[in-house]
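What follows is one structure encoded as structure tokens, with my remarks underneath.
2 protein chains.
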Amino acid sequence: MADVADLAGVAISTVSRALANPGRVNAKTRAKIAAAAEKLGYTPNAMARNLRIGKSNIIMIVLPGSLHHGASQIIPQVLQSINQALIQNGYNLMIANLDRDETSERHILNLAFGGTVRGAIILSSKLPEVAGRSLAEAGLPIVSLLLDMSDASVPSVVTNDRGAVAEAARMLIARGHERFFYIAGPSDNYHDIERFSGLVDAFHETGLDPASITRSGGVLSYQHGFEAGKHAVEDFTQLAVKPTAVIAESDDMAISFISGVQARGWRIPEDLSVISFDGSPVCEYCHPPLSTIEQPVEVMGKTAVEILMQRMSEGADEVPTRMIIPSRLIMRKSVGPAAKANNSC
Amino acid sequence: MADVADLAGVAISTVSRALANPGRVNAKTRAKIAAAAEKLGYTPNAMARNLRIGKSNIIMIVLPGSLHHGASQIIPQVLQSINQALIQNGYNLMIANLDRDETSERHILNLAFGGTVRGAIILSSKLPEVAGRSLAEAGLPIVSLLLDMSDASVPSVVTNDRGAVAEAARMLIARGHERFFYIAGPSDNYHDIERFSGLVDAFHETGLDPASITRSGGVLSYQHGFEAGKHAVEDFTQLAVKPTAVIAESDDMAISFISGVQARGWRIPEDLSVISFDGSPVCEYCHPPLSTIEQPVEVMGKTAVEILMQRMSEGADEVPTRMIIPSRLIMRKSVGPAAKANNSC
DNA sequence: TACTTATTGGCAATCGTTTGCCAAAACTTT
DNA sequence: AAAGTTTTGGCAAACGATTGCCAATAAGTA
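Protein chains in written order, with the working numbering: chain A, -15 to 329; chain B, -15 to 329.
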């Protein structure tokens, strides 16, 4: 920096001011300084700057390892949109994996308490905590994405899981479906609870008996969305009275489920209608094209960043604690009218 | 840190030594210090440390925006494995997007020259450079993943694209296929060149005439793998003499292609055999299950990190410049013997 | 006990910025 | 030309750690 000052013929403090606080220095000198910096190939040292400022410009995204792994088709989109939004605001994105082991929790806490990161976007249902320290007390702004954690007073950006599933279920009920098969991810999970509730809601609204909903899954982790679907095929096969409609908690589950039941002779949508959640692009090319509830992940990512920025700048209090971005039901060929006689194969 | 020293009843320099250089301090005092730190909830400030040390502990992964977007199913796996390997070595992963605009290139260079990152793993075919500065001159260790850049003297971890496609092609040729349809991603791209060459190799080996290979695509960006497949359907339909075998550069392309041709009456594998590249999990559940060339992305990620670590520690010269991790051909129902009479539909 | 070795204490410089302070210089405006 | 305003210079103290140096103390060995 001293070199730049020399070359530009100005004082070192002026250079600093020009770079960090451009308003307080004349446009002409600023140009001179920029030229000198360019010529010397000078880039201010970010760590020194952040140390002095007392804040980092890195945001971390906390991903449950299982989500990351193989399964969920939406992670890349989430990362992409968040990263773009962050960069526009002058921030960088760091990845933090939250596995089931204590090491990873500790690691995340170190990032937070050690000042490496300035804020966090989490996709996990619980805040990492170990040895009495919790992410909540790190003094960082946090935003939860996909999962509603507004109860724990962390602002959340979610979709209308419950309502969207209810809508899908009503659509199926309107076509004559009365017996449903629900393929769940890990139970107790926010998504499981909300989405399943949506299905039950629709039953209540339409006067059907929720007892004719069969649940499958709930034990396996997200890590194996496809596995969960496969497993559901077994469950389905063993039912004495077959449901005519299926709602799956993720596209992956639906895809492997469909593959399995088709192999055993059921036809979709003639024997069985299927709708799933996520809106992965691949659904359009499934056999038959798969109806899915599309989460607007890009909008959600951008919104999460916006909220984070608000939290970081002004008084933290007047920001909304929950932001609901509605999903969109995309109807495709995997849905048809309920089969009249539902015989086993 | 001073507080910790007080509580532990030791000098501040001893605390620093205990944390940064544990070998030079007695186990008992180390335990005392650890206890004090735990009690006070103290975490050393990473930025201060890195500033003093002169090196960051952050590695960035440079992803072409297009790769990231929607399409490639393997990105999450790559990120996951790289991040895990990095953390084990005490590093963190930062995401850097390389779009077509100059802003993103400049941003990446700032990360490098500003000392934010210590090294880079790139999935892009070209090193970012703008205004005379190039990533190559930033003095960072760089490793290229998926794309071979060993010509540009950046160590690369790749798979045997060419050989793997050749193997797949031989397998098809052995089943009587003689006319091939190749669905390409963006042309000039490393993957396009290598994989297509593999196909041509197989033709030469077996004495067939490469003229009976029809290429499709090559214009669209990766961003639309599914689109490329759709587009290929058009091309395919217009061929007077239909090929009997298809090789696609990515699973996405194959999936949408299959969906399209099936809708127009062709049957797979009876009329057309298909093999694609990537090994996405979803292939297993396609209709029919899709044969694919599985890239060992996890191993590749770990290997890339290992090489990076070597580059960062010792003399940089004796590390291998290219590491080839072989892919595995997974044969599924999408492949069958060549149709005898190949009539149009 | 005397001597060697291992471990700690205290001090101060350093990493590369930012920033408050005040004086000096350079412009603008009456 | 005088007064007022904006812009710069120079200085020095931070930010929170690490580390070389040497003296001082503790532990281990003969």
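From the three backbone atoms N, C-alpha and C, an ideal C-beta is built for every residue, glycine too. Values in this document were obtained by computation on a predicted structure and should not be read as measured data.
Buried or exposed by the 16-neighbour rule on C-beta atoms within 10 Å, applied to residue i
i: THR87/B; result: exposed
i: LYS286/B; result: buried
i: PRO194/B; result: exposed
i: GLY(-7)/A; result: exposed
i: LEU223/B; result: exposed
i: SER293/A; result: Contrary to the premise, residue 293/A reads as Met rather than Ser in this sequence. Burial call: buried.
i: GLN61/A; result: buried
i: GLY54/B; result: Low per-residue confidence applies at GLY54/B: pLDDT is 43, beneath 50, and the placement is therefore not dependable enough to give any value.
i: ALA186/A; result: buried
i: ILE71/A; result: buried
i: GLU151/A; result: buried
i: ARG312/B; result: exposed
i: ALA96/A; result: buried
i: HIS91/A; result: buried
i: ASP85/A; result: exposed
i: THR305/B; result: exposed
i: PRO253/A; result: buried
Of the listed residues the options, nearest to residue i (C-alpha basis)
i: GLY160/B; options: ALA229/B, ASP132/B, GLY249/B; result: ALA229/B
i: ASP257/B; options: ILE242/B, GLY263/B, TYR269/B; result: Per the sequence shown, residue 257/B should be read as Ser rather than Asp. It is ILE242/B.
i: ILE309/A; options: ASP132/A, THR198/A, TYR75/A; result: ASP132/A
i: ASN144/A; options: GLU162/A, ILE177/A, VAL127/A, GLU121/A; result: ILE177/A
i: SER318/B; options: CYS267/B, GLY249/B, GLY202/B; result: CYS267/B
i: LYS226/B; options: ALA322/B, TYR26/B, ASN41/B, LYS16/B; result: ALA322/B
i: PRO280/B; options: PRO265/B, MET293/B, ALA80/B, LEU274/B; result: PRO265/B
i: ILE17/B; options: ILE(-4)/B, ARG295/B, ILE37/B, MET315/B; result: ILE(-4)/B
i: GLY213/B; options: ALA20/B, ALA238/B, TYR174/B, ALA104/B; result: ALA238/B
i: ASP(-10)/B; options: ASP135/B, ALA19/B, GLY7/B; result: ALA19/B
i: GLN57/B; options: ALA15/B, PRO112/B, PHE261/B, TYR174/B; result: PHE261/B
i: ARG163/B; options: GLU121/B, ARG199/B, LYS23/B, VAL138/B; result: ARG199/B
i: LEU82/B; options: ALA115/B, ILE66/B, MET44/B; result: MET44/B
i: SER240/B; options: GLN68/B, ASP255/B, PRO272/B; result: PRO272/B
i: GLY201/A; options: ARG8/A, LEU192/A, PRO28/A, PHE220/A; result: PHE220/A
i: ALA168/A; options: PHE210/A, SER137/A, ALA136/A; result: PHE210/A
i: PRO28/A; options: GLU113/A, ARG1/A, PRO139/A, ILE66/A; result: ARG1/A
i: PRO158/B; options: HIS215/B, HIS175/B, ALA(-14)/B, GLU189/B; result: As written in the sequence, residue 158/B is Ala, which differs from the Pro given in the question. The shortest Cα separation from ALA158/B among HIS215/B, HIS175/B, ALA(-14)/B, GLU189/B belongs to GLU189/B.
i: VAL283/B; options: PRO48/B, ARG36/B, ASN67/B, LYS39/B; result: ASN67/B
i: GLY98/B; options: ALA136/A, GLU254/A, MET(-15)/A; result: MET(-15)/A
i: ALA32/B; options: THR100/B, ILE105/B, VAL245/B; result: THR100/B
i: ALA30/B; options: ARG36/A, GLN64/A, ARG117/A; result: ARG36/A
i: ILE105/B; options: GLU89/B, PRO139/B, ARG117/B, GLY74/B; result: PRO139/B
i: ARG251/B; options: GLY320/B, HIS215/B, TYR269/B; result: GLY320/B
Supposed close pair residue i, residue j - CB separation, criterion 8 Å
i: LEU124/A; j: VAL141/A; result: Contact doesn't hold; Cβ gap of about 17 Å is too wide.
i: VAL149/A; j: LEU107/A; result: Rounded, the Cβ-Cβ distance is 20 Å, inconsistent with contact.
i: ASN76/B; j: ASN34/B; result: Between ASN34/B and ASN76/B the Cβ distance is about 11 Å, and since that is not below 8 Å, they are no contact.
i: ILE259/B; j: SER234/B; result: That belief does not hold up - the Cβ atoms of ILE259/B and SER234/B are roughly 12 Å apart, past 8 Å.
i: SER109/B; j: ASN173/B; result: 7 Å
i: ALA120/B; j: GLU22/A; result: Going by Cβ atoms, the distance from ALA120/B to GLU22/A rounds to 18 Å, so no, they are not a contact pair.
i: ILE291/B; j: MET315/B; result: Incorrect: roughly 32 Å between the Cβ atoms, too far for contact.
i: ALA153/B; j: LEU183/B; result: 5 Å
i: ILE126/A; j: GLY103/A; result: 7 Å
i: GLY249/A; j: VAL217/A; result: Wrong, their Cβ atoms sit about 12 Å apart, outside the cutoff.
Closer than 8 Å between beta carbons: that is the criterion. Which residues of the segment 111 to 142 of chain B meet it against chain A?
ALA115, GLY116, ARG117
Using Cβ-Cβ distances below 7 Å, what residues of the segment 196 to 226 of chain A are close to chain B?
PHE210
Going along the segment 247 to 271 of chain A in order, which residues come within less than 8 Å of chain B, judged by CB to CB distance?
PRO265, VAL266, GLU268, TYR269, CYS270, HIS271
Mind checking the segment -3 to 25 of chain B against chain A and listing, in chain order, the residues whose C-beta falls within less than 8 Å of any C-beta there?
GLU22, GLY25
The segment 57 to 68 of chain A: which residues have C-beta closer than 8 Å to a C-beta of chain B, in chain order?
GLN57, ILE59, PRO60, GLN61, LEU63, GLN64, ASN67, GLN68
Which residues, taken in chain order from the segment 232 to 243 of chain A, show a beta carbon closer than 8 Å to some beta carbon of chain B?
ASP236, ILE239, SER240, ILE242, SER243
Which ranges would you report for the alpha helix (DSSP H) in the segment 145 to 206 of chain B if only whole runs of at least 4 residues count?
145 to 158, 174 to 189
Within the segment 7 to 79 of chain B, ranges of the alpha helix (DSSP H) (whole runs, at least 4 residues):
11 to 24, 30 to 37, 49 to 52, 59 to 72
Identify every run of the alpha helix (DSSP H) within the segment 196 to 272 of chain B, keeping only runs that are complete inside it and at least 4 residues long; order them along the chain.
209 to 221, 235 to 247
Can you give me, in chain order, the residues of the segment 73 to 87 of chain A that have a beta carbon less than 9 Å from any beta carbon in chain B?
ASN76, LEU77, MET78, ILE79, ALA80, ASN81, ASP83, THR87
Under 8 Å (Cβ pairs) to chain A, residues found in the segment 153 to 187 of chain B:
none
Residues in the segment 28 to 41 of chain A with C-beta within 8 Å of chain B's C-beta atoms, listed in sequence order?
PRO28, ASN29, ALA30, MET31, ALA32, ASN34, LEU35, SER40
Proximal residues, the segment 89 to 100 of chain B versus chain A, C-beta separation under 9 Å:
HIS91, LEU93, ASN94, LEU95, ALA96, PHE97, GLY98, GLY99, THR100
For the segment 272 to 302 of chain A, which residues have a CB atom closer than 7 Å to at least one CB atom of chain B, in sequence order?
none
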